[in-house]
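Novice: Heads up, the sequence shown is in my numbering, so the first residue is 109 and it goes up one at a time.
Here a beta-carbon is modelled for each residue, glycine too, at the ideal position from N, C-alpha and C.
Have a look at this one before I ask anything.
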Amino acid sequence: MAQKQVALLELGGSHSECMYAQIQFLQSRGYGVHIVCNAHLWPFFEAVTGLAGHQLHVVETSIKNHWGIWRRLRAYLKANSIHTIVVNTAENSVVRDLTVLGLPVKTWAGIVHNGRKFNRGFTLRKLILRKIKRCYVLNDTLLLHVLPPAGIKLGCFYPIFFPQLEATPLEKPAGETWVTIPGSVMPSRRDYESLLAQVAAKGLPAHVKLIFLGKYDAAKHPDLASRLQSLPRRSQVVTFEQPVPEPLFQSYLAQSDVILPLLHPGVNMFEQYIQTRISGAYNLAFAWKIPLLMERSFGAWEDFARHAVLYAVPDLLETLAGLVQSPDQLQARKAAMEADPKFAFAVQCQRYMDLLQ
């Protein structure tokens with residue numbers, strides 16, 4: 109029997125980290141996996157072993173550009189006998205045009221990252237989902253809050269499996285605790301102000317470091333830069349002027365003790381994060397089995413009720429200090445995450461394949 113072929117499509121320019129787990133799931137079930145993505149994303153995948161092929165695109169906003177992508181992709185699918193497409197980011201204009209024009213495949217599936225669009229997004233509901241009938245979300249709690257149109261099969265998986273890269277050596281002094289805030293530094297998305305105001309007033313415990321694990325542009329965020337520079341112990345805060353290379357990113361995660369997403373009431377899209385969105389920080393915590401520190405509004409989420417320490421914003425630093433002063437509690441929480449069957453490869457692979465097949 110000929111090997112089944114599947115194309116993983118990411119033409120939205122982001123969420124590429126969600127493709128690693130899918131590649132592993134599909135390869136473990138004997139599929140030939142083809143990557144179709146923005147050309148600038150290919151460096152994230154070129155070291156992945158066992159891929160059946162790839163096609164790269166430069167994506168623009170014009171109809172002419174989308175027409176050209178459609179023609180090239182249609183030819184690639186036919187040439188490689190690919191009858192299944194999984195769209196890694198379903199809600200974008202390129203996918204809209206590809207679904208309207210149509211492609212020679214039998215099965216469309218896709219990940220919807222902004223679950224709110226299930227409920228009120230015209231383009232997703234009325235155009236894209238006319239073709240994509242199998243949709244994934246990326247946390248079980250989102251299933252309680254999204255309302256897809258009739259006829260849509262909805263499932264959930266956690267993309268928490270990553271290629272093991274050669275570690276970048278990092279020196280971590282014995283007894284030091286690393287509290288990591290993953291992602292590019294974006295004050296509109298995360299409440300750095302509340303954290304840093306408390307640190308400025310009370311100071312960090314001497315053995316704690318805050319790791320801002322993403323690009324930090326001081327010129328773009330002068331207020332934040334001023335706040336950081338005025339801290340009494342600036343050496344306890346680690347920042348990066350450039351995007352963090354993936355091997356270094358993973359090395360910091362491997363030695364992190366706490367993940368702090370900093371999603372607080374008042375940040376942009378907070379109400380969506382409560383019900384219909386996730387932060388990529390969650391899946392990094394689940395992948396590396398790192399306890400989370402979450403604002404108490406998230407206590408209704410099953411995963412956080414089990415694996416996070418909850419806090420009120422005014423008590424953030426006090427809660428953090430109490431947690432890092434209890435290494436036994438941190439180890440117990442890490443062990444509980446490692447023992448949780450939900451995070452096992454076999455479980456998540458089965459969830460993914462149940463919807464696709």
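Can you give the Cα-Cα distance for Ser124 and Asn196, rounded to whole angstroms?
Specialist: C-alpha separation (whole angstroms): 8 Å.
Novice: Please state whether DSSP places His174 in a helix, a strand or coil.
Specialist: helix
Novice: Within the same chain, show all residues whose beta-carbon is closer than 7 Å to that of Gln491, passing over the 5 residues directly before and after it, in chain order.
Specialist: There is no way to answer for residue 491, as the model of the chain reaches only from 109 to 465.
Novice: Look at Pro353 and His329 and say whether their C-beta atoms are less than 7 Å apart.
Specialist: No.
Novice: So for Glu410, helix, strand or coil by DSSP?
Specialist: helix
Novice: Under the assumption that Ala115 contacts Val144 (Cβ atoms under 8 Å), give the Cβ distance between them as a whole number of angstroms.
Specialist: Sure, about 5 Å apart at Cβ, within 8 Å.
Novice: From Leu336, Val316, Pro290, pick the residue whose C-alpha is nearest to that of Arg301; which is it?
Specialist: Contrary to the premise, residue 301 reads as Glu rather than Arg in this sequence. Among Leu336, Val316, Pro290, the Cα nearest to that of Glu301 belongs to Leu336.
Novice: Given Thr427, which residues of its chain have a CB within under 6 Å of its CB, disregarding the five upstream and five downstream residues?
Specialist: Tyr419
Novice: Between which residues of its own chain and Pro449 is the CB-CB distance below 7 Å, once the five residues before and five after are set aside?
Specialist: Val455
Novice: Examine the Cβ distances between the stretch 236-247 and the stretch 198-208 and report whether three or more of them are shorter than 8 Å.
Specialist: yes
Novice: Between Gly120 and Pro351, what straight-line distance do the alpha-carbon atoms span, to the nearest angstrom?
Specialist: 19 Å
Novice: What residues in its chain sit with their C-beta under 6 Å from that of Pro369, if we drop five residues either side in the sequence?
Specialist: Ser387, Ala389
Novice: What does DSSP give as the partner residue(s) for Gln163 in the beta ladder?
Specialist: Residue pairing by DSSP places Gln163 opposite Val144 in a beta bridge.
Novice: What did DSSP end up calling Met490 once you bin it into helix, strand or coil?
Specialist: Because residue 490 is not part of the residues shown, which for the chain are 109 to 465, the question remains open.
Novice: Look at the alpha carbon of His174 and the alpha carbon of Tyr460, and state the distance between them as a whole number of angstroms.
Specialist: 29 Å
Novice: Among Leu181, Ser359, Ala160, His253, which one has its Cα closest to the Cα of Gln380?
Specialist: His253
Novice: Closest to Ser434 by C-alpha separation, out of Ile177, Asn200, Thr285, Val167, would be which residue?
Specialist: Thr285
Novice: Tell me the rounded alpha-carbon separation between Met402 and Met109.
Specialist: Roughly 49 Å separates the two Cα atoms.
Novice: Is it right to say Lys317 is buried, meaning 16 or more other beta carbons lie within 10 angstroms of its own, or is it exposed?
Specialist: buried
Novice: Less than 7 Å between the C-beta atoms of Lys186 and Pro151, yes or no?
Specialist: no
Novice: Measure the C-alpha to C-alpha separation of Glu274 and Ala258 and round it to an integer number of angstroms.
Specialist: 46 Å
Novice: When DSSP labels each residue in this structure, what does Ala420 get in the three-state scheme?
Specialist: coil
Novice: State the Cα-Cα distance for the pair Leu371 and Ser189, rounded to the nearest angstrom.
Specialist: One C-alpha to the other measures close to 44 Å.
Novice: Identify whether Ile236 lies in helix, strand or coil by the three-state DSSP scheme.
Specialist: helix
Novice: Indicate whether Thr169 and Arg204 have their beta-carbon atoms separated by less than 7 Å.
Specialist: no
Novice: Whose CA, out of Leu304, Ala308, Pro313, Phe348, lies closest to the CA of Asp325?
Specialist: For Asp325, the closest alpha carbon among the candidates Leu304, Ala308, Pro313, Phe348 is that of Phe348.
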